[in-house]
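First residue of the sequence shown: 35, per our numbering; consecutive thereafter.
We treat Cβ as the ideally placed atom computed from N, Cα and C, and that holds for glycine.
If you're wondering where the values come from, they're calculated on a predicted model, not measured in any experiment.
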Amino acid sequence: MFLPKGGAVFFNVWGLHNDEKYIHEPERFNPDRFAGRTRLAPEYATSADYESRDHYNYGVGRRLCPGIHLGERNLWIGMAKSLWAFNFEQDVDSTGNPIPLDMNYQTGYSEGFIVCTNDFPAKVTPRSEKRVETIMREFDQAKCDVFSKYP
Numbered sequence: 035m036f037l038p039k040g041g042a043v044f045f046n047v048w049g050l051h052n053d054e055k056y057i058h059e060p061e062r063f064n065p066d067r068f069a070g071r072t073r074l075a076p077e078y079a080t081s082a083d084y085e086s087r088d089h090y091n092y093g094v095g096r097r098l099c100p101g102i103h104l105g106e107r108n109l110w111i112g113m114a115k116s117l118w119a120f121n122f123e124q125d126v127d128s129t130g131n132p133i134p135l136d137m138n139y140q141t142g143y144s145e146g147f148i149v150c151t152n153d154f155p156a157k158v159t160p161r162s163e164k165r166v167e168t169i170m171r172e173f174d175q176a177k178c179d180v181f182s183k184y185p
């Protein structure tokens, strides 16, 4: 295979993440499929055993994201704080029935180079007033310590 100078190669991340050879029912939300995967993403990403990879969100090989460590840790902190602070529920229609989520890859996602889920109805509520107070206090501190430095 010949790649011309200046040519681009795109890695089919969506195809890998949705290959039923490796992932049973990839369109179904099933966190249990990652049970037993206790190592951090950089360990799986740099493993010589390519079949041990659980995702390719940070790229591959020499083009692996140099910020993989920072990215994974920040995602973990953000998710942990979100789960601590809020209840997440499927939204309901006027009759009280759950509004189904569109998980179809043709209709439930954006189009383009970066593919994301389309907006979907969800009910997000604070777990308690005390947690709201903590969130607001930390937000005020971040405005002062961080956001004010980047106008």
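### Message
Three Cβ pairs or more, each shorter than 8 Å: is that satisfied between the segment 41-58 and the segment 87-104?
### Response
yes
### Query
Is residue 78 helix, strand or coil by DSSP?
Mapped onto the sequence shown, residue 78 falls at position 44. Three-state DSSP puts residue 78 in a helix.
### Message
If you follow the alpha helix (DSSP H) that residue 61 is in, where does it begin and where does it stop?
### Response
By one-based count along the sequence shown, residue 61 stands at place 27. No alpha helix (DSSP H) holds residue 61; DSSP gives it neither H nor E.
### Task
Inspect the CB distances between the segment 166-181 and the segment 137-147 and report whether three or more fall short of 8 Å.
no
### Task
Report, in whole angstroms, the separation of the C-beta atoms of residue 96 and residue 121, which I expect to be a contact under 8 Å.
In the sequence shown, the residue the question calls residue 96 occupies position 62. In the sequence shown, the residue the question calls residue 121 occupies position 87. Wrong, their Cβ atoms sit about 43 Å apart, outside the cutoff.
### Task
Quick one: give me the first and last residue of the alpha helix (DSSP H) that residue 168 is part of.
Here residue 168 refers to the residue found at position 134 when the sequence shown is read from its first residue. Unbroken alpha helix (DSSP H) run through residue 168: 163-179.
#### Entry: residue 79 burial status per 10 Å Cβ neighbour count (16 or more: buried)
Taking the sequence shown and counting its residues from 1, the one referred to as residue 79 is at position 45. The residue is buried, with at least 16 neighbouring Cβ atoms inside 10 Å.
### Query
Which of helix, strand or coil does DSSP assign to residue 54?
Residue mapping note: residue 54 aligns to position 20 of the sequence shown, counting from 1. Residue state, collapsed to three classes: coil.
#### Entry: Through-space distance from residue 65 to residue 151, alpha-carbon basis
Counting from one through the sequence shown, the residue named residue 151 turns up at place 117. Counting from one through the sequence shown, the residue named residue 65 turns up at place 31. Residue 151 and residue 65: Cα-Cα distance of roughly 17 Å.
### Query
Hey, would you say residue 75 sits closer than 9 Å to residue 106, going by beta carbons?
Against the sequence shown, residue 75 aligns to sequence position 41. Against the sequence shown, residue 106 aligns to sequence position 72. In contact: residue 75 and residue 106 (Cβ atoms closer than 9 Å).
### Query
Helix, strand or coil: which one does DSSP assign to residue 42?
Counting from 1 along the sequence shown, the entry for residue 42 is found at position 8. Three-state result, residue 42: coil.
### Query
What are the partner residues of residue 159, as DSSP defines its beta bridges?
Here residue 159 is taken as the residue at index 125 of the sequence shown, counted from 1. Residue 159 pairs with 121.
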